[in-house]
Amino acid sequence: MGYREYAEAVVAGSMIACEYTKLACQRFLDDLSRDDLIFKEKKVRTLLSFASVLHHYTGSHSGEPFILEPWQEMVAASIFGFYYADTNRRKYTSSYIELARKQGKTFLAALFCLFALIADGEDAAEVLLAANSKEQARIAFEMTQVLARQLDPREKELKVYRNEIKFSPNESKLKVLAADDSKLDGFNCSFGLLDEYHAASNSKVRDVIKSSMGMRKNPHLATITTAGFNKSAPCYELRSYGIEVLKGIKEDDSFFCLIYTLDEGDDWTDERNWIKCSPNLGITVSKEWLASQVQQAKQNPSDEVGVKTKNLNIWCDSSNVWIPEHYIKQQMRKIDLTDFIGRDDVLVYAGVDLSSVSDLTAVSYMVVDTNNNYYFKTFYYLPETCVDDKFNKELYKIWAAHGDLTLTKGNVVDYNYITNDLKYWCEKLNVRKIAYDAWNATQWSVQCKEEGLPIQEFSQSIGNFNRGTKEIERLILSNKAYIDRNNITRFCFDNVELIVDSSANCKPHKGQSQKKIDGVIAMIEALGIYLLDNHGTGEIMVF
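Using the numbering used here, read the sequence shown as starting at 131 and increasing by one per residue.
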């Protein structure tokens, strides 16, 4: 099977693949049929032959030639094969390739860099092999050095240096580059490859490489990575852009995107789905090994995020998620507060995580029944102007469209709107106490007291949050807490990391300012004030 047959098999459904892979394969087939493009099959065949000259040098396959798998052939054919018929310029000037670990990613990076150095048709080519750190950049560069010596053992034309490889026939050079290098300018890059971009805290290296390509006729910047933990990082932004291109939401004929991951709703423990994120399953990674990793994660929830992210290429919001996502999802359901109106067999408490100026505010209502079942319904509010100028603006737009978020007038928090909502539900449900953080809420608290609302200050100290944090975890894991099905609440739980003090007290914490955990904080406040109100026992005393 070659690159064309692979794409056809994926599109036809005879080969299991995720939605994004299917879209990329369909795009490849569409490119082959376009009149304005030419496909340089001879050049692609040269690249595939170039790869077969190289040999494995570690592991059980040591000494055997590298033979590209069909999916790898399609990547190579896409990047190096398509050109515009009228200008002879390369179609794809940048790419994003994402897949799980142990899929031959490092070899693909080394191969592309060496081919761009030697045989891409660029005189005085300048190839940059980059990563987020010197240590990461050296992993791919060391393989590139080994493969270069395989091609030219006596280094007659390929000179291998500590941080550079030179090819004398066309005066080309390959350099290794890292985000923590002291000098990140002065380049004239013809081909750049950015490895493990998920670890980058900013886009500085990628921007430097991209801006240095202006004088080149056929440049290309490839980004090859596994999934990561930080959805506010530039890698996830690039990934999201690529998905929009694949889906036709945005038009960018110059950007190639191929993502191997599980589809939404897939069971990550089902081995039938693993091929979606591991196209080299059974080749460079065994199903038995992957099964052992998944089994370990099932038995130890603390390992789940690492396995899902690195071995199954699923983006998670934290490297140390507090409660794994599937526990939250199984406790989510539609909760309607009107179902509790007029009932004398429940107690209702609330928690408010109030934004100080112009960000997300969460108000969570907790209903407890006589069977000690806990129901959480959380409302979210945001000034309407924040949809256009905040970091999470795309998410805010989606949440507002789905009805998960209420947009209020103006560019600052509408305290009156929130207070009026509280008054409404306090009257309907006889809310016993409303917990709030006093910081930056002095004027609002005065207004609430004047309105007769039962607000009570709730300290944000780790000692005060400890009991509610541990109790809500226990309730969720024991199937006693039911959470309203709201995408923002799920997002908030995904973002939580725990901070723990020397006395083993713990409290939710967001790793970065762009992450949101407001809903979780409001839920724990509601639970915390309930626990305090009932003589510290957690048992319902009076209905």
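In this text, a Cβ means the ideal position worked out from N, Cα and C, and glycines have one as well.
Here R463 is exposed: its Cβ has fewer than 16 other Cβ atoms, across all protein chains shown, within 10 Å.
Nearest in C-alpha terms to A230, of all of Q280, A480, N403, Y213, is N403. Judged by their CB atoms, L281 and V174 are not nearer to each other than the 8 Å cut-off. A residue is called buried once 16 or more other Cβ atoms fall within 10 Å of its Cβ, and P638 is buried on that count.
Here DSSP, grouped into helix, strand and coil, assigns C319 to coil. Annotation: the continuous beta strand (DSSP E) that includes I564 extends over 564-566.
If the five residues before and after H186 are omitted, its C-beta is found closer than 6 Å to the C-beta atoms of S192, E194, all from its own chain and listed in chain order.
Counting the other Cβ atoms within 10 Å of the Cβ of G598 gives 16 or more, which makes it buried.
The Cβ atoms of I453 and F623 lie closer than 8 Å to each other.
Counting only residues of its own chain and dropping the five nearest sequence neighbours on each side, A154 has a CB closer than 7 Å to the CB of L376, C387, L388.
For the region 182-207, not one full-length beta strand (DSSP E) segment reaches 3 residues or more. Pairing F588 with V543, the inter-Cα distance amounts to about 20 Å.
Here the alpha carbon of W398 sits roughly 50 Å from the alpha carbon of P299. F212: member of the beta strand (DSSP E) spanning 212-214, first to last residue. One thing to note: L662 has its Cβ no nearer than 8 Å to the Cβ of E601.
No Cβ-Cβ contact shorter than 8 Å links I227 with K406. By the 16-neighbour rule on beta-carbons within 10 angstroms, P364 is buried. Between the alpha carbons of F271 and F321 lies a distance of about 15 Å. Selection A142, H328, R346, W569 evaluated against V487 yields W569 as nearest (Cα-Cα).
Taking C-alpha positions only, T491 is separated from T619 by approximately 12 Å. For H328, there is no enclosing beta strand (DSSP E), as DSSP marks it with neither H nor E. Here S224 carries a strand assignment [DSSP, helix/strand/coil]. Looking at the backbone, the Cα of K553 and that of M653 are separated by about 18 Å.
Scanning the region 361-393 for uninterrupted alpha helix (DSSP H) segments of 4 residues or longer gives 364-376, listed from N- to C-terminal end.
Burial check for T223: the Cβ neighbour count within 10 Å reaches 16 or more, so the residue is buried. The straight-line gap separating the alpha-carbon atoms of L583 and I659 is approximately 15 Å. The beta-bridge partner set that DSSP reports for A480 consists of Y495, I564. Distance between A611 and V140, taken at the CA atoms: about 42 Å. In the DSSP assignment, R463 forms a beta bridge with D614. Inclusion of A246 and A255 in the CB contact set at 8 Å is warranted, their separation being smaller than that value.
By a beta-carbon distance limit of 8 Å, C446 contacts V435. Their separation comes to about 5 Å.
At a Cβ-Cβ threshold of 8 Å, V335 and L324 count as neighbours. A direct Cα-to-Cα measurement between S591 and Y511 gives close to 24 Å. Under the three-state reduction of DSSP output, I146 falls in the coil class, being neither helix nor strand. In terms of Cα proximity to N625, the closest of V482, N360, R134, F506 is N360.
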